[in-house]
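Numbering (my numbering), first residue to last: 93 to 342. Just below is one structure, and these are the notes that go with it.
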Ligand code: SF4
Ligand code: SF4
Ligand code: SF4
């Protein structure tokens with residue numbers, strides 16, 4: 093049986109999630125042994141027209157990116173989005189909070205803002221453009237989770253991706269809740285799977301894995317009331333990874 097052909101593509105991002113693939117070290121050799129990597133800009137110069145699995149990193153921030161992504165979707169049987177930029181739009185979605193994107197561009201690029209390759213549009217996650225089959229969440233993504241999802245697919249199994257919030261994993265680790273320190277932690281509404289990395293290292297959750305499918309908005313409001321904090325304060329903490337994505341807290 094021939095090995096599945098895999099192609100890796102990047103859009104607007106810091107490439108940190110591709111670095112996470114490289115960081116798999118020995119495990120990457122097992123993965124590479126099981127697939128045929130036919131395109132990966134970071135690691136090889138070859139380009140392929142045919143592939144079975146497309147792995148997408150980065151968010152869609154230009155009209156030409158949409159076109160490219162649609163073509164990749166047409167050419168692939170399975171499309172996997174890796175990292176917050178691709179799965180939820182990530183930090184790049186911050187620009188969607190501004191009405192005048194030309195002003196944003198000038199602020200970021202200064203005199204170079206008019207360069208054609210710096211064309212800009214409101215940021216989209218990959219699934220706002222095409223159907224995404226699997227998502228590896230996080231900023232950066234967890235490389236163990238990436239390896240698990242790819243291995244599951246190669247074995248014909250459906251990978252498990254948590255739909256419950258980070259708080260579940262945090263409680264399992266017996267962390268003292270960051271709310272007790274007066275911090276607004278997004279764990280109650282953020283998708284688990286990272287092992288509550290940030291609260292375990294004495295930081296609040298910033299929401300990098302995106303929101304759970306059905307966030308308990310009322311419970312979140314009650315927590316805000318309990319700690320004498322306003323909904324506006326909660327919303328201000330949701331901007332980093334939650335710009336223009338649900339849930340809404342009115
Ligand atoms: S999700 Fe984070 S680490 Fe991954 S490419 Fe985007 S900004 Fe970089
Ligand atoms: S620290 Fe955050 S993730 Fe942990 S229990 Fe508290 S709210 Fe939930
Ligand atoms: S605790 Fe929150 S911000 Fe930290 S890695 Fe997990 S989901 Fe991301």
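For each residue, glycine too, the CB sits at the ideal point set by N, CA and C. Treat the numbers as computed from the prediction; the structure is a model and nothing was measured.
Close Cβ partners of residue i (< 7 Å) along its chain, the five nearest in sequence each way excluded
i           : result
residue 113 : 120, 235 and 238
residue 342 : Model confidence at residue 342 stands at a pLDDT of 44, short of 50, so the residue's coordinates are unreliable and nothing is read from them.
Three-state secondary structure (DSSP) of residue i
i           : result
residue 149 : strand
residue 114 : helix
residue 291 : helix
residue 100 : strand
residue 227 : strand
residue 316 : helix
residue 211 : coil
residue 219 : helix
residue 143 : coil
residue 127 : coil
Alpha carbon of residue i to alpha carbon of residue j, nearest angstrom
i           : j           : result
residue 166 : residue 287 : 35 Å
residue 195 : residue 152 : 19 Å
residue 110 : residue 149 : 7 Å
residue 226 : residue 171 : 7 Å
residue 174 : residue 180 : 10 Å
residue 325 : residue 333 : 15 Å
residue 163 : residue 268 : 47 Å
residue 201 : residue 301 : 29 Å
residue 278 : residue 94  : 44 Å
residue 271 : residue 313 : 13 Å
residue 203 : residue 115 : 37 Å
residue 136 : residue 96  : 18 Å
residue 261 : residue 296 : 14 Å
Contacting residues, own chain, Cβ-Cβ under 6 Å from residue i (five flanking each side not counted)
i           : result
residue 158 : 152 and 221
residue 259 : 279 and 280
Contact with chain C by residue i, beta-carbon distance below 8 Å
i           : result
residue 274 : Although the question refers to chain C, the structure presented lacks it and comprises just one protein chain.
Any non-hydrogen atom of ligand 5 closer than 7 Å to residue i Cβ
i           : result
residue 279 : Only ligand 1, ligand 2 and ligand 3 can be found as ligands here, which leaves ligand 5 out of the picture.
*Kindly provide the ranges of any alpha helix (DSSP H) runs that are 4 or more residues long and lie completely inside the region 152 to 188, ordered along the chain.*
155 to 167 and 175 to 180
*Those runs of the alpha helix (DSSP H) which lie wholly inside the region 252 to 285 and span at least 4 residues*: 258 to 264
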